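Quick note on the numbering used here: the sequence shown kicks off at 1276 and runs consecutively.
For reference, the structure is listed below as structure tokens.
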Amino acid sequence: MRAIYFDLDGTLVHTRPSIEAALADAFQRVAGESPDEWLETYSEGFVEQFRACRPAPYRGGVEHLRAETDFGYGVEETVGALLDAEVAATAPTPDAAATLERLGDDDDNAVGVLTNGVPEWQRAKLAAAGLTEHVDAVVTAYEAGAHKPDPAPFDLAERRLPADAYALVGDADADVDGAADAGWARARYDGGQLADAVDDLDWP
Ligand SMILES: [Mg+2]
1276 MRAIYFDLDG
1286 TLVHTRPSIE
1296 AALADAFQRV
1306 AGESPDEWLE
1316 TYSEGFVEQF
1326 RACRPAPYRG
1336 GVEHLRAETD
1346 FGYGVEETVG
1356 ALLDAEVAAT
1366 APTPDAAATL
1376 ERLGDDDDNA
1386 VGVLTNGVPE
1396 WQRAKLAAAG
1406 LTEHVDAVVT
1416 AYEAGAHKPD
1426 PAPFDLAERR
1436 LPADAYALVG
1446 DADADVDGAA
1456 DAGWARARYD
1466 GGQLADAVDD
1476 LDWP
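Printed below as a string of structure tokens:
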């Protein structure tokens, strides 16, 4: 049995046209405006909490924004708009569904997602992209308490899908470096066909 994991953002799905545009869309929904100062201050708070795997980084970003600027809209309402905007902007990589389905058709393969994101947000994006039915496991680094390339999410992924050999396809150094450290096969997705990256996996 082989378990083939895929990174989510930038690999299985993309944010169209950009994460910055999705952020601006969320603030437009809540406040009817999206000044750069809000976007930057929110992002600063979000990134700090996200990197540390703090439990609710989106909420933390909004709370930081409320503390540092004149932004006075509700935390729940704003977090909801951020999720809605990010999900609405999520699109699958064109050949993602076909590639996952082809891999899953082989009974010797298990297919999973290994992502650095927050569990409920990443699951919502996977569903919005129409890919949930094609994967056997969704593992978020948040559940492991550390982000790729840390070994913890790779260990958790191995426990979720017991297999003889593992691989990760991803678009970032954290993906390929973490996979190499874990003794997994790996391939970098560079924005072309996802199937080509799967073919590039360096299985022993
Ligand atoms: Mg990525």
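Note that the Cβ used here is the ideal one computed from N, Cα and C, for glycine as well.
Nothing here was measured: the structure is a model prediction, and the numbers come from that model.
Residue i and residue j closer than 8 Å at C-beta
i, j, result
"L1287", "A1404", "yes"
"R1304", "A1356", "yes"
"E1361", "T1290", "yes"
"A1457", "P1426", "yes"
"T1374", "L1298", "no"
"Q1397", "T1415", "yes"
"Y1348", "A1399", "no"
"W1313", "F1321", "no"
"E1433", "P1394", "no"
Burial state of residue i (16 or more Cβ within 10 Å)
i, result
"V1410", "buried"
"A1402", "exposed"
"G1467", "exposed"
"A1342", "exposed"
"D1284", "buried"
"P1330", "exposed"
"S1309", "buried"
"A1327", "exposed"
"P1332", "buried"
"P1437", "exposed"
"G1392", "buried"
"G1420", "exposed"
"P1424", "buried"
"P1479", "exposed"
"P1428", "buried"
Nearest-angstrom Cβ-Cβ length linking residue i and residue j, presumed shorter than 8 Å
i, j, result
"G1477", "A1460", "Reading the sequence as shown, one finds Asp at residue 1477 and not Gly. Right, their Cβ atoms sit about 5 Å apart."
"V1444", "D1282", "7 Å"
"G1387", "A1278", "6 Å"
"M1276", "D1430", "Rounded, the Cβ-Cβ distance is 18 Å, inconsistent with contact."
"Y1464", "L1389", "Y1464 to L1389, Cβ: 13 Å. No contact."
Which of helix, strand or coil DSSP assigns to residue i
i, result
"H1270", "With the chain covering 1276 to 1479 only, the question about residue 1270 has no answer from this structure."
"F1281", "strand"
"T1365", "strand"
"R1334", "helix"
"T1290", "strand"
"R1326", "helix"
"A1246", "No statement about residue 1246 is possible, as the shown extent of the chain runs from 1276 to 1479 and does not include it."
"A1460", "strand"
- Query: Which parts of the region 1387–1452 are runs of the alpha helix (DSSP H), unbroken and 4 residues or longer, counting only runs that do not cross its ends?
  - Reply: Here the runs fully enclosed are 1394–1403, 1416–1419 and 1426–1435.
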